[in-house]
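Peer 1:
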Amino acid sequence: MPVQQIVFFQDGEKSDWNNIRKIISHALKNQHFSMVYQPLISVNTGKIIGFESLVRCQSPKFGVISPADFIPCAEQSGQILELGNWIFQKALLDLKCMLNHGLSDICLSLNVSPVQLLNSDIFEQIMSLLHTFSIPPSAIKLELTETALINNPQKIANIFNAFKREGVQIWLDDFGTGFASLSLLRQFNIDGLKIDRSFVDGIDNNNDDFTLCSAVIAMAQRLGLFIIAEGVETENQLQILSQLGCDVVQGYLLGKPNTLGYNLEQWAL
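The working numbering numbers the first residue of the sequence shown as 5 and each following residue consecutively.
1) Run the CB neighbour count on Ala219, radius 10 Å, all protein chains shown included, and call it buried at 16 or more, exposed below.
2) Check whether the segment 210-227 and the segment 236-255 touch, using three or more Cβ-Cβ pairs below 8 Å as the test.
3) Just how far apart, CA to CA, sit Leu107 and Lys100?
4) Identify the residues that DSSP records as bridge partners of Asn233: which are they?
5) Out of Thr49, Phe37, Leu97, Leu44, which has the shortest C-alpha to C-alpha gap to Leu87?
6) Cutting at 7 Å between CB atoms, please list the residues of its own chain near Ala95, excluding the five before and the five after it.
7) For Ile221, tell me which candidate among Gly196, Leu146, Cys77, Leu85 has the shortest Cα-Cα distance.
8) Output the distance between the C-alpha atoms of Ile232 and Pro118, rounded to the nearest integer angstrom.
9) Based on DSSP bridge pairs, tell me the residues matched to Val59.
10) Looking at the structure shown, is Gln270 part of a helix, part of a strand, or coil, going by DSSP?
11) Counting pairs of Cβ atoms below 8 Å between the segment 55-71 and the segment 40-47, do you hit three or more?
12) Is the beta carbon of Gln83 closer than 8 Å to that of Ile331?
13) Roughly how many angstroms separate the alpha carbons of Gly235 and Val204, rounded to a whole number?
14) For Asn267, count the other beta carbons within 10 Å of its own beta carbon; 16 or more makes it buried, fewer makes it exposed. Which is it?
15) Taking only the alpha-carbon atoms, compute the straight-line gap between Gln241 and Asn209 and give it to the nearest angstrom.
16) Indicate the three-state DSSP secondary structure (helix, strand or coil) for Gly50 in the structure shown.
17) Decide if Glu147 is buried, meaning its Cβ has at least 16 other Cβ atoms within 10 Å, or exposed.
Structure below.
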């Protein structure tokens with residue numbers, strides 16, 4: 005099988021977001037999007053506790069398109085609403101399959117765009133899907149970046165509270181790279197923090213990264229927050245995160261993003 009390359013649009017015709025919008029539109033109509041799932045592993049037990057759901061795009065013309073290109077474009081164009089609808093349906097259908105194959109105690113994290121929060125009935129949509137597939141709300145976690153909390157904070161807080169009343173947890177993704185403050189963590193009643201991979205990458209050879217990770221984990225523990233470290237690629241990084249008290253890790257050391265079928269073969273009973 006030929007090696008697939010991920011395309012990053014930079015210069016020339018393909019850098020035009022109009023072209024990327026056309027790729028997204030074509031992919032939505034012709035089922036060129038797919039989902040992959042990366043394992044979330046408990047530091048204490050070494051067992052799987054869930055997966056992060058990630059969307060991929062395979063263009064017949066350009067090959068694999070990087071999410072770094074098509075996600076921002078979809079947010080700007082509004083296509084993220086249709087794409088997000090598809091992601092929620094597909095991911096929760098796959099979660100139901102995982103639960104039916106013996107992975108009864110796992111959770112699935114869903115990445116949510118601020119555009120979806122502010123321009124869709126996301127609460128009703130997700131709760132309806134959970135009901136349709138008979139999935140307990142506690143089995144999903146919603147991941148948002150720090151920048152999602154800045155615009156219309158009261159509306160977002162109301163949406164979060166509605167989810168939390170149903171048992172859905174909220175995780176703050178890429179912590180340390182945006183504008184979040186302790187006051188925001190309190191205002192939005194966040195349940196978990198994901199330490200950005202850029203800090204994990206240097207935790208074993210950069211004093212600043214080690215100090216930041218140590219401080220974030222200590223702060224999160226005092227606030228009673230769940231702590232997830234992403235981008236773990238070495239045993240040394242894993243050992244340090246364990247010593248610091250991190251709860252969950254994900255990264256290539258533990259498992260790459262892969263298809264539903266592959267993960268069922270690897271993890272199901």
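C-beta: ideal position from N, C-alpha, C; glycine also.
Keep in mind the model is a prediction, meaning the values are calculated, not measured.
Peer 2: In brief:
1) Position 215 of the sequence shown, counted from the first residue, corresponds to residue 219. Under this definition Ala219 is an exposed residue.
2) As far as the Cβ criterion goes, the segment 210-227 touches the segment 236-255, which means the pair count is three or higher.
3) Counting from 1 along the sequence shown, the entry for residue 107 is found at position 103. Counting from 1 along the sequence shown, the entry for residue 100 is found at position 96. Their backbone Cα atoms lie some 10 Å apart in a straight line.
4) Position 229 of the sequence shown, counted from the start, is the residue given in the question as residue 233. The amino acid occupying residue 233 in the given sequence is Ala; Asn does not appear at that position. In the DSSP output, where bridge partners are listed per residue, Ala233 has Ile199, Val253.
5) Counted from its first residue, the sequence shown places residue 87 at position 83. Closest by alpha carbon: Phe37.
6) The residue you call residue 95 lines up with position 91 of the sequence shown. Only Met39, Ser57, Leu112, Leu114 meet the Cβ criterion.
7) Start at 1 with the first residue of the sequence shown, and residue 221 comes out as number 217. Of the candidates Gly196, Leu146, Cys77, Leu85, the one whose C-alpha sits nearest the C-alpha of Ile221 is Gly196.
8) Indexing the sequence shown from 1 puts residue 232 at position 228. Indexing the sequence shown from 1 puts residue 118 at position 114. Straight across, the Cα-Cα distance linking Ile232 with Pro118 is about 21 Å.
9) Position 55 of the sequence shown holds residue 59. In the DSSP assignment, Val59 forms a beta bridge with Met39.
10) Taking the first residue of the sequence shown as position 1, residue 270 is located at position 266. Helix, per DSSP.
11) Note that the segment 55-71 touches the segment 40-47; at least 3 beta-carbon pairs, one per stretch, sit closer than 8 Å.
12) With the chain covering only 5 through 273, there is no way to say anything about residue 331.
13) Within the sequence shown, residue 235 is the residue found at index 231, counting from 1. Within the sequence shown, residue 204 is the residue found at index 200, counting from 1. For Gly235 and Val204, the distance between alpha carbons rounds to 6 Å.
14) What you label residue 267 is simply residue 263 of the sequence shown in a count that begins at 1. With a 10 Å radius around the Cβ and a threshold of 16 neighbouring Cβ atoms, Asn267 comes out buried.
15) Numbered from its first residue, the sequence shown carries residue 241 at position 237. Numbered from its first residue, the sequence shown carries residue 209 at position 205. Each residue's Cα considered, the two are about 10 Å apart.
16) Taking the sequence shown and counting its residues from 1, the one referred to as residue 50 is at position 46. Of the three classes helix, strand and coil, the one that applies to Gly50 here is coil, per DSSP.
17) Here residue 147 refers to the residue found at position 143 of the sequence shown. By the neighbour-count rule (16 or more Cβ atoms within 10 Å), Glu147 is buried.
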